[in-house]
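A.B. asks: The structure is given below, and queries will be raised subsequently.
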Amino acid sequence: MAGKKTWMPTAAGILDIVAGSFGLIGALMFVFMGGIMRAVPDMPPMMGPVFMGMSGPLAILSILAIVGGIFALQRKIWGLALAGSIAAFFPSWLLGVAAIVFTALSKNEFE
371 MAGKKTWMPT AAGILDIVAG SFGLIGALMF VFMGGIMRAV PDMPPMMGPV
421 FMGMSGPLAI LSILAIVGGI FALQRKIWGL ALAGSIAAFF PSWLLGVAAI
471 VFTALSKNEF E
């Protein structure tokens, strides 16, 4: 390792994983709500596909956040850890901003 070990990459990794988990739960909720909206007769017909369409990008960003969080915990591949922190911004902006800051400040701790 290039630098002194601090708590920041560990905190960033945990925040990434938590935000990514929230995002996956949100993506599943979008799929669920899209299915319900397709079954409700008074809903506009495009609402179901719109909600289901939003679930795909959210799921991809959430998976990237989780993978980036794992790399931050391992202190490997700083670029991927930073990308995961940026992806964590979309499911949870509060956790994502903190993860971005912690990952950026701890760049010298990564291999």
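Position one of the sequence shown corresponds to residue 371 (this note's numbering), numbered consecutively onward.
Backbone N, C-alpha and C fix where the C-beta goes; we use that ideal spot for every residue, glycine too.
For the alpha helix (DSSP H) that contains ILE430, what are its first and last residues?
C.D. replies: On the sequence shown, residue 430 is found 60 positions in, with the first residue counted as 1. Segment 417-444, the alpha helix (DSSP H) holding ILE430.
A.B. asks: Hey, how far is the Cα of VAL437 from the Cα of GLY393?
C.D. replies: Residue 437 sits at position 67 when you count from the first residue of the sequence shown. Residue 393 sits at position 23 when you count from the first residue of the sequence shown. Approximately 13 Å, taken between the alpha carbons.
A.B. asks: Nearest by alpha-carbon distance to LEU485: which of LYS374, MET399 and GLY390 is it?
C.D. replies: This structure cannot settle anything about residue 485, because the visible part of the chain is limited to 371 through 481.
A.B. asks: Which residue comes first and which comes last in the alpha helix (DSSP H) that contains ILE456?
C.D. replies: Residue numbering aside, residue 456 sits at position 86 when the sequence shown is read from its first letter. Start and end: 448-458.
A.B. asks: Residues in its own chain within less than 6 Å of PHE441 by CB, not counting five upstream and five downstream?
C.D. replies: Residue 441 sits at position 71 when you count from the first residue of the sequence shown. Taken in chain order, the residues that qualify are ILE447, LEU450 and ALA451.
A.B. asks: Restricting to Cα atoms, I'd like to know which of GLY418, GLY439, ASP386 and ALA397 is closest to ILE430.
C.D. replies: Taking the first residue of the sequence shown as 1, we reach residue 430 at position 60. When each option's Cα is compared against that of ILE430, the closest is ALA397.
A.B. asks: What would DSSP say about MET371, mapped onto helix, strand or coil?
C.D. replies: Indexing the sequence shown from 1 puts residue 371 at position 1. Only weak support is given to the placement of MET371: the predicted model assigns it a pLDDT of 44, under 50, and the value that follows is read from those uncertain coordinates. Correct three-state label for MET371: coil.
A.B. asks: Between the alpha carbons of ALA469 and ALA382, how many angstroms are there, rounded?
C.D. replies: What you label residue 469 is simply residue 99 of the sequence shown in a count that begins at 1. What you label residue 382 is simply residue 12 of the sequence shown in a count that begins at 1. Their backbone Cα atoms lie some 4 Å apart in a straight line.
A.B. asks: Using only the alpha-carbon positions, how far apart do ILE406 and GLY426 sit?
C.D. replies: Sequence index remark: in the sequence shown, residue 406 carries index 36 (1-based). Sequence index remark: in the sequence shown, residue 426 carries index 56 (1-based). The straight-line gap from Cα to Cα measures roughly 17 Å.
A.B. asks: Buried or exposed for GLU479, please, with buried defined as at least 16 other CB atoms from any protein chain shown within 10 angstroms of its CB.
C.D. replies: Numbered from 1 along the sequence shown, position 109 holds the residue referred to as residue 479. Under this definition GLU479 is a buried residue.
A.B. asks: May I ask you to report which of helix, strand or coil DSSP gives LYS400?
C.D. replies: As a working mapping, residue 400 is identified with position 30 in the sequence shown. Looking at the sequence provided, one finds Phe at residue 400 rather than Lys. Three-state DSSP puts PHE400 in a helix.
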